[in-house]
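One point on numbering: in our numbering, the residue at position 241 of the sequence shown is 261, and numbering is uninterrupted. For glycine and all other residues, C-beta sits at the position ideal for the given N, C-alpha and C. Keep in mind that this is a model prediction, so the values were computed, not measured.
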Amino acid sequence: MALQPVVKRSVSADVFEQIAADVLSGELAPGSTLPSERQLAEALGVSRPAVREALQRLAAAGLVAVRQGDATTVLDYRRGAGLEVLPRLLIREGMLEPAVARSILEVRMHNGPKVAELAAARMAALDRESARATGRSGLPERADGEANASESRATGRDNRGHDEPNATQPGMTGRDNRGHDEPNAAQPVTTSRDNRADGGSRAAEPGTEYDHVRADLERAVAALTAETDPVVLQRHALEFWNHVVDAADSIVFRLMFNMLRAAYEPALAALAPVMSAEVGNAEGYRELAAAIVAGRPKKAADKARALLEPATTALIEALGGR
Numbered sequence: 021m022a023l024q025p026v027v028k029r030s031v032s033a034d035v036f037e038q039i040a041a042d043v044l045s046g047e048l049a050p051g052s053t054l055p056s057e058r059q060l061a062e063a064l065g066v067s068r069p070a071v072r073e074a075l076q077r078l079a080a081a082g083l084v085a086v087r088q089g090d091a092t093t094v095l096d097y098r099r100g101a102g103l104e105v106l107p108r109l110l111i112r113e114g115m116l117e118p119a120v121a122r123s124i125l126e127v128r129m130h131n132g133p134k135v136a137e138l139a140a141a142r143m144a145a146l147d148r149e150s151a152r153a154t155g156r157s158g159l160p161e162r163a164d165g166e167a168n169a170s171e172s173r174a175t176g177r178d179n180r181g182h183d184e185p186n187a188t189q190p191g192m193t194g195r196d197n198r199g200h201d202e203p204n205a206a207q208p209v210t211t212s213r214d215n216r217a218d219g220g221s222r223a224a225e226p227g228t229e230y231d232h233v234r235a236d237l238e239r240a241v242a243a244l245t246a247e248t249d250p251v252v253l254q255r256h257a258l259e260f261w262n263h264v265v266d267a268a269d270s271i272v273f274r275l276m277f278n279m280l281r282a283a284y285e286p287a288l289a290a291l292a293p294v295m296s297a298e299v300g301n302a303e304g305y306r307e308l309a310a311a312i313v314a315g316r317p318k319k320a321a322d323k324a325r326a327l328l329e330p331a332t333t334a335l336i337e338a339l340g341g342r
């Protein structure tokens, strides 16, 4: 017998889940009215305060409209609800909903390159700010609008076209032209994090914000390179994108990512066979990280698209998408 952990929830949470499931499934149609608070309490065998609390949550989620002294009306969640209902829509009664999964994949394909582009643009700006503060040369703008990164810092080529160590590629020598040790992916960078389990506070730690983001991406790529389990790889990939979203510094993309991640994580095991090629493509993640760190928005968008497109297309086709 396969035992499952017992989830402890309040009575009002159980009431909320039951009514929310009926609204999202269509069993409770938009425009229909719920029984009174007293009738619901009697039917469900719970107290009226528990029902009242559940109805307040349902209203906050955009699933019902509660009017004092009037009936509670079911709303069309497609018009009034937010992204927080996605996890409940994606998995229903233990089964993946193909239409919802397809929609999430389409958003992922559309947003991923844009987030990577914004992250690269912000990295270029951060580096130029750091350069002004320290008096060194930053990432100058090229004629095409891309930042022309110092290759010893990001892309592996110096300004004369010579190969130099690349911080995002493990196995490099980690030494500068004077023979001094320099950080690379195989030799951790001194960054914002200390040795405490919680990582400490960035504000009180050495290194620029540019260095912090670069180090986060390097660690994520290293984790993807070292792992083979397809479910764990997906978790590492999510953490990689978590850092990219941080670098993009967009509250809207951050909130969208949070909810898309919450919807996606319960389906990791089911999606593992199709996602294995993407999350196993450590070189693709390394190239994307290098483009972001180099401050190359267009290249970052292209690398993100190349990384995401194969699995996204395959999944949409498998789900019977357009």
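Asked, Found
"Here's a check: name, in chain order, each residue in its chain whose Cβ is nearer than 7 Å to the Cβ of residue 101, leaving out the five neighbours to either side.", "81, 82, 83"
"Just the C-alpha distance for residue 170 and residue 78, rounded to the nearest angstrom, thanks.", "Because residue 170 carries a pLDDT of 42, less than 50, the predicted location of this residue cannot be relied on, and the following value inherits that uncertainty. Those two C-alpha atoms are separated by around 53 Å."
"With C-beta atoms as the reference, is residue 304 less than 8 Å away from residue 326?", "yes"
"With distances taken between CB atoms, is the gap from residue 144 to residue 321 smaller than 8 Å?", "no"
"To the nearest angstrom, how far is the alpha carbon of residue 262 from that of residue 122?", "21 Å"
"Can you round the beta-carbon distance between residue 72 and residue 58 to whole angstroms, since I take them to be within the 8 Å contact cut?", "The Cβ separation is near 11 Å, so there is no contact."
"Less than 8 Å separating the beta-carbons of residue 74 and residue 35?", "yes"
"Quick check: the Cα distance between residue 253 and residue 239, rounded to an integer number of angstroms?", "13 Å"
"Are there three or more Cβ pairs, one per stretch, closer than 8 Å when the stretch 96-114 is compared with the stretch 36-45?", "yes"
"Residue 152 lies in the alpha helix (DSSP H); which residues open and close that run?", "118-154"
"Pick out whichever of 277, 32, 149 has its Cα sitting closest to the Cα of residue 76.", "32"
"State the DSSP-derived secondary structure class of residue 92, mapped to helix, strand or coil.", "coil"
"Straight-line CA distance for residue 301 to residue 30?", "43 Å"
"Got a sec, what are the start and stop residues for the alpha helix (DSSP H) residue 69 sits in?", "68-80"
"Between residue 306 and residue 241, which are expected to be in contact by the criterion C-beta below 8 Å, what is the C-beta distance as a whole number of angstroms?", "5 Å"
"From the DSSP output, which residues share a beta bridge with residue 115?", "112"
"With DSSP as the reference, please indicate the residues paired to residue 228 in a beta bridge.", "Answer by DSSP bridge pairing: none, since residue 228 is not bridged."
"Under the rule that 16 or more other beta-carbon atoms within 10 Å means buried, what is residue 317, buried or exposed?", "buried"
"Whole angstroms is fine: what's the gap from residue 310's alpha carbon to residue 229's?", "16 Å"
"Rounded to whole angstroms, what's the CA-CA distance from residue 308 to residue 60? Just pull it up for me.", "53 Å"
"Hey, how far is the Cα of residue 246 from the Cα of residue 265?", "23 Å"
"Say whether the stretch 282-290 touches the stretch 145-153, bearing in mind that this needs 3 or more beta-carbon pairs closer than 8 Å, one atom from each stretch.", "no"
"On the CB-based measure, 16 or more other CB atoms within 10 Å of its CB, does residue 293 come out buried or exposed?", "exposed"
"Quick check on DSSP: helix, strand or coil for residue 84?", "strand"
"So, at 7 Å on beta carbons, what are the nonlocal neighbours of residue 248 in its own chain, with the 5 sequence-adjacent residues on each side left out?", "none"
"At which residues does the alpha helix (DSSP H) containing residue 100 begin and terminate?", "97-100"
"Compute the Euclidean distance between the alpha carbons of residue 281 and residue 53, then round it to the nearest angstrom.", "33 Å"
"Do you know how far the Cα of residue 90 is from the Cα of residue 134?", "46 Å"
"Helix, strand or coil: how does DSSP classify residue 333 here?", "helix"
"Please check the pair residue 142 and residue 267, which I expect to be a contact at CB under 8 Å, by giving their CB distance rounded to whole angstroms.", "6 Å"
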